[in-house]
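Take a look at the structure set out below.
Protein chains in written order, with the UniProt record's numbering: chain F, 1 to 261; chain V, 1 to 436.
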């Protein structure tokens with residue numbers, strides 16, 4: 001059932017709003033030890049935007065990303081990706097929903113160790129049973145600077161190179177939204193800069209929508225806007241961010257929450 | 001470092017279970033058979049009883065011991081390889097390769113010792129039961145008492161500990177060397193095993209049809225041939241994998257996984273080939289032996305029947321042991337892949353597709369294992385049959401072989417699919433962040 005809808009939406013024009021969260025709530029555990037990770041978060045992101053999600057540790061950033069990306073089911077509220085609501089169903093149905101709609105870039109890269117760079121890049125297409133355009137994959141890999149490493153295995157590459165493969169993989173499947181979870185967390189400053197520029201290009205050149213969770217103000221400054229999260233709630237938004245402004249805001253965010261408690 | 005080894009054991013008892021189980025079972029089997037030597041050496045045992053006891057212990061106990069050695073070694077190799085990440089962490093914290101080696105080998109030896117000690121009780125009971133079967137069959141006088149002595153204890157502990165230490169050393173070396181060894185030692189070992197195995201099988205022809213130990217050389221030979229095949233099989237398979245017409249994403253991934261994991265594969269292929277080989281060879285040889293006895297008409301019906309029961313009991317223990325080891329290594333190898341499964345799922349694979357990948361891999365493994373196991377087993381059976389009867393082809397028909405193949409395939413596919421299903425219960429995002 002999902003398969004048919006996903007094909008149809010792939011062919012149709014993308015919705016104006018790439019991502020919409022309405023009063024999303026998520027609680028882990030039960031009773032005394034229950035932790036509210038998300039407390040009624042509402043958020044809308046326009047198509048072709050690059051947004052960073054920031055907040056102190058435990059503010060619910062990662063949970064927000066997982067719920068928005070259909071990796072985890074929220075307890076309450078609505079998540080819409082590209083105008084289609086993420087509904088219930090087993091893991092298989094959620095997987096089919098994500099195909100073609102959602103791409104991932106993780107801190108740990110998550111490339112399959114037994115596949116070469118080129119094979120890793122086309123894997124999502126293979127799994128989804130979609131037509132594999134190898135020339136296009138090669139083109140994108142060349143664009144991220146890995147045109148000469150097509151046959152290498154992930155463990156023969158540096159961290160920065162692996163992350164660029166992950167971005168190429170996310171781009172080849174042409175998803176509506178790319179979710180990046182601390183994509184520069186394990187990289188040196190040079191590798192981080194390359195990766196952030198590529199994410200910017202994904203938005204400006206390829207027209208993707210990127211949502212990036214990060215704790216690094218410098219990384220966040222590459223985004224068009226930063227949304228702040230504290231104690232599972234939205235705590236403001238900063239358009240056209242600079243690293244200093246983000247750091248400043250983040251520091252006060254900590255103050256506010258402490259005063260609030 | 002040894003303190004660290006014990007500590008890491010205490011923190012994760014589950015991780016050591018597979019190793020402990022194989023050490024325990026292996027030691028129990030070895031001690032059970034070798035306690036027959038102790039029993040035979042007791043004062044006051046008549047020479048006929050002593051003779052049949054030491055023959056049984058020497059033949060089955062002998063090749064059983066060899067089998068246990070390889071089974072423990074292969075399980076441990078699978079287990080130690082999985083700790084690459086942990087060893088990397090230790091190296092980054094300033095541990096020298098020698099220190100890491102001491103930790104992993106120390107841990108393996110500690111587990112093997114615990115397994116061997118735990119096995120003493122069951123082995124005493126098992127030895128007594130085995131002696132009872134001998135007495136029932138009339139091979140050993142009723143007056144003989146079971147004895148559990150230095151031979152049983154020494155061989156049980158010695159084999160278990162040396163197999164564990166050897167496997168751990170090799171596995172650690174592979175991890176700490178940094179560069180991937182391109183397997184010159186493996187090739188040498190493989191050819192050596194094939195050569196010695198072939199020689200052992202050929203030496204069957206030096207025996208006469210009535211020799212009590214006639215079953216020993218083909219059985220030894222078959223085990224060594226199995227080991228050689230297990231070491232070479234992944235490389236032979238690589239060429240074949242390219243030509244497999246496997247369509248669909250699951251087949252695509254399975255073929256690529258198998259090609260890159262040649263070394264890991266032989267760890268799982270070893271018990272699979274050993275099982276197929278030992279089960280089909282020993283059971284067929286036993287059937288040939290029974291038929292030959294029947295045809296010669298020397299011992300009368302009741303004795304012949306008892307003798308058959310005795311031999312089948314002895315062979316049965318070995319076969320069941322092989323089967324448990326097979327399940328054990330498949331379980332350990334599949335559990336370890338949780339992170340990889342998580343990565344496949346995050347790349348867009350449904351749980352069904354992941355199970356499909358595992359299923360195709362299991363099928364290819366089963367076919368490979370059965371093929372080489374049959375080859376190795378057949379060498380032993382043909383030699384045995386040629387000497388024992390006049391025709392190299394046993395007149396048994398393929399019944400035993402078919403049953404063995406069915407069990408091997410069912411166990412392989414059943415274990416990997418069941419384990420993978422359990423592993424898939426962990427959410428994909430959690431699975432990829434768990435340190436393997």
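Positions of the beta carbon are idealized from the N, C-alpha and C atoms, including for glycine.
Since this is a predicted model, take the numbers as computed values, not measurements.
According to DSSP, is residue 28 of chain F part of a helix, a strand, or is it coil? Three-state DSSP puts residue 28 of chain F in a strand.
Could you compute how far the alpha carbon of residue 236 of chain F sits from the alpha carbon of residue 58 of chain F? Each residue's Cα considered, the two are about 17 Å apart.
Can you tell me whether residue 57 of chain F is helix, strand or coil according to DSSP? Residue 57 of chain F falls in the coil class under three-state DSSP.
Establish whether the CB of residue 114 of chain F and some CB of chain V are separated by less than 8 Å. Yes, contact with chain V.
Can you give me the C-alpha to C-alpha distance between residue 62 of chain F and residue 213 of chain F, rounded to a whole angstrom? Between residue 62 of chain F and residue 213 of chain F, the C-alpha separation is close to 7 Å.
For residue 156 of chain V, three-class secondary structure by DSSP: It is helical.
If you measure beta-carbon to beta-carbon, which residues of the UniProt domain "ABC3 transporter permease C-terminal" (64 to 169) of chain V are closer than 8 Å to chain F? Residues: none.
So, for residue 179 of chain F: in the same chain, excluding its five sequence neighbours on each side, which residues have a beta-carbon less than 6 Å away from its beta-carbon? If we look at residue 179 of chain F and ignore the five residues flanking it on each side, its Cβ neighbours are 65, 69, 104 and 211.
Any C-beta of chain V sitting closer than 8 Å to the C-beta of residue 10 of chain F? Any reading at residue 10 of chain F is ruled out, since the residue's pLDDT is 46, under 50, leaving its predicted position unreliable.
Tell me, to the nearest whole angstrom, how far the beta carbon of residue 276 of chain V is from that of residue 360 of chain V; I am working on the premise that it is less than 8 Å. That belief does not hold up - the Cβ atoms of residue 276 of chain V and residue 360 of chain V are roughly 20 Å apart, past 8 Å.
To the nearest angstrom, how far is the alpha carbon of residue 227 of chain F from that of residue 219 of chain F? Note on geometry: alpha-carbon atoms of residue 227 of chain F and residue 219 of chain F lie some 13 Å from one another.
Start and end of the beta strand (DSSP E) containing residue 209 of chain F? Start and end: 209 to 213.
Under a CB-based cut-off of 8 Å, is residue 104 of chain F close to chain C? Judged by its chain identifiers, the structure shown contains no chain C, and its protein chains are F and V.
Those residues which DSSP pairs with residue 230 of chain F across a bridge: When beta bridges are read from the DSSP output, residue 230 of chain F appears opposite F/233.
Enumerate, from N- to C-terminal direction, the unbroken alpha helix (DSSP H) stretches of 4 or more residues contained entirely within the region 131 to 164 of chain F. Residue ranges of uninterrupted alpha helix (DSSP H) with 4 or more members, entirely inside the region 131 to 164 of chain F and ordered along the chain, are 134 to 143.
Just the Cα atoms here: how many angstroms apart are residue 77 of chain F and residue 88 of chain F? Spanning the two alpha carbons is a distance of roughly 12 Å.
Reference residue 133 of chain F; option with closest CA among F/117, F/96, F/172 and F/107: Across the set F/117, F/96, F/172 and F/107, the C-alpha of F/172 shows the shortest separation from the C-alpha of residue 133 of chain F.
Span separating the alpha-carbon of residue 157 of chain F from that of residue 117 of chain F: Rounded to whole angstroms, residue 157 of chain F to residue 117 of chain F spans 9 Å at the Cα level.
Quick check for students: name the residue ranges of the alpha helix (DSSP H) that lie wholly in the UniProt domain "ABC3 transporter permease C-terminal" (64 to 169) of chain V, counting only runs of 4 or more. 84 to 92 and 97 to 136, all fully within the UniProt domain "ABC3 transporter permease C-terminal" (64 to 169) of chain V.
With DSSP as the reference, label residue 184 of chain F as helix, strand or coil. Note: residue 184 of chain F maps to coil in three-state DSSP.
Terminal residues of the continuous beta strand (DSSP E) containing residue 42 of chain V? For residue 42 of chain V, there is no enclosing beta strand (DSSP E), since its DSSP letter is neither H nor E.
Check whether the Cβ atoms of residue 429 of chain V and residue 71 of chain F lie closer than 8 Å to each other. For residue 429 of chain V and residue 71 of chain F, yes; Cβs fall inside 8 Å.
Return the chain-ordered ranges of every alpha helix (DSSP H) run that is complete within the UniProt domain "ABC3 transporter permease C-terminal" (314 to 427) of chain V and spans a minimum of 4 residues. You should have 338 to 346, 351 to 388 and 399 to 423.
My parser needs the alpha helix (DSSP H) runs of 4 or more residues fully inside the region 245 to 297 of chain V; what are they? For the region 245 to 297 of chain V, the full-length alpha helix (DSSP H) segments reaching 4 residues or more read 248 to 260 and 262 to 296 along the chain.
Taking C-alpha atoms, which residue in V/84, V/390 and V/126 lies nearest to residue 288 of chain V? Closest in alpha carbon position to residue 288 of chain V, among V/84, V/390 and V/126, is V/390.
Which residue from F/23, F/154, F/101 and F/177 puts its Cα closest to that of residue 51 of chain F? Closest by C-alpha distance to residue 51 of chain F, out of F/23, F/154, F/101 and F/177, is F/177.
Any idea if residue 207 of chain V is buried or exposed, counting beta-carbon neighbours within 10 angstroms, 16 or more meaning buried? Buried.
Neighbour list for residue 346 of chain V in chain F, Cβ cutoff strictly below 7 Å: Near residue 346 of chain V (Cβ distances below 7 Å), the residues of chain F are 104 and 110.
Taking the alpha-carbon of residue 155 of chain V as reference, which of V/26, V/194, V/55 and V/426 has the nearest alpha-carbon? Looking only at V/26, V/194, V/55 and V/426, the smallest Cα-Cα distance to residue 155 of chain V is reached by V/26.
Answer with buried or exposed for residue 70 of chain V, where buried requires no fewer than 16 other C-beta atoms within 10 angstroms of its C-beta. It is buried - the Cβ of residue 70 of chain V has at least 16 other Cβ atoms within 10 Å.
Kindly list the residues whose CB is nearer than 6 Å to the CB of residue 135 of chain V, restricted to its own chain and excluding five residues on each side of it in sequence; keep chain order. Closer than 6 Å at the Cβ level, and outside the excluded window around residue 135 of chain V, lie 142.
Best match in V/29, V/381 and V/416 for proximity to residue 153 of chain V [C-alpha to C-alpha]: Sorting V/29, V/381 and V/416 by C-alpha distance to the C-alpha of residue 153 of chain V places V/29 at the top.
How would you write the range of the beta strand (DSSP E) that residue 42 of chain F sits in, first residue to last? Going by DSSP, residue 42 of chain F is part of the beta strand (DSSP E) stretching over 35 to 46.
Backbone secondary structure at residue 225 of chain F - three-state DSSP: Residue 225 of chain F carries a strand assignment under DSSP once its states are collapsed to helix, strand and coil.
As a quick exercise: from V/172, V/256 and V/310, pick the residue whose alpha carbon is nearest that of residue 153 of chain F. Here the closest residue by C-alpha is V/256.
Extent of the continuous beta strand (DSSP E) to which residue 80 of chain F belongs: Element bounds for residue 80 of chain F: 76 to 81.
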